[in-house]
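Okay, so here's the structure we're looking at.
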Amino acid sequence: MSAPTVGADVAAVLNPLPRMASRVATPIDCSRPVHSADVAQSRLFEDILIGEIAELRDLLAATELRWRRLRERSRVADAPMPEALVRLHGRIAEAERLLVQLRCRFGYEGDSLRVI
1 MSAPTVGADV AAVLNPLPRM ASRVATPIDC SRPVHSADVA QSRLFEDILI
51 GEIAELRDLL AATELRWRRL RERSRVADAP MPEALVRLHG RIAEAERLLV
101 QLRCRFGYEG DSLRVI
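The sequence shown: position 55 = 55 (the UniProt record's numbering), numbered continuously.
Take a look at the structure:
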């Protein structure tokens, strides 16, 4: 599976875990030269980001499950999403945005096995 085709000014990446594709609507400058030490460090940071995204998704899933159970017990079907869930979605989006920019800046797509 590959990242969706988007315009040249929009970066896209498949999330490290099977979910939907994330898009960043701001142009990213990927033309600066890179050094091998920077590439090595970027791969370490990529691993950290992927781990962080996985942890945040696990936390999000558990939090959403608790919220759904609470909604079912209270029988309030139209209750607004709690702020904690909104913040978790925002943190995941930010980490994914950083991952897109990191991969673009250092010219690699990440580990293809990790993206399946």
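Note that beta-carbon positions come from the ideal geometry of N, C-alpha and C, so glycine has one too.
Host alpha helix (DSSP H) of residue i (start-end)
{"i": "alanine 61", "result": "36 to 74"}
{"i": "alanine 95", "result": "83 to 105"}
Cβ pair residue i, residue j closer than 8 Å
{"i": "isoleucine 92", "j": "arginine 68", "result": "no"}
{"i": "serine 42", "j": "leucine 85", "result": "no"}
{"i": "leucine 59", "j": "leucine 99", "result": "no"}
Residue i burial status per 10 Å Cβ neighbour count (16 or more: buried)
{"i": "alanine 95", "result": "buried"}
{"i": "isoleucine 48", "result": "exposed"}
{"i": "alanine 25", "result": "For alanine 25, the predicted structure reports a pLDDT of 47, less than 50, and the residue's modelled location is therefore unreliable. A value from the coordinates is still provided. The residue is exposed, with fewer than 16 neighbouring Cβ atoms inside 10 Å."}
- Query: Can at least three beta-carbon pairs, one atom from the region 33 to 52 and one from the region 68 to 78, be found at a separation below 8 Å?
  - Reply: Verdict: no, contact absent.
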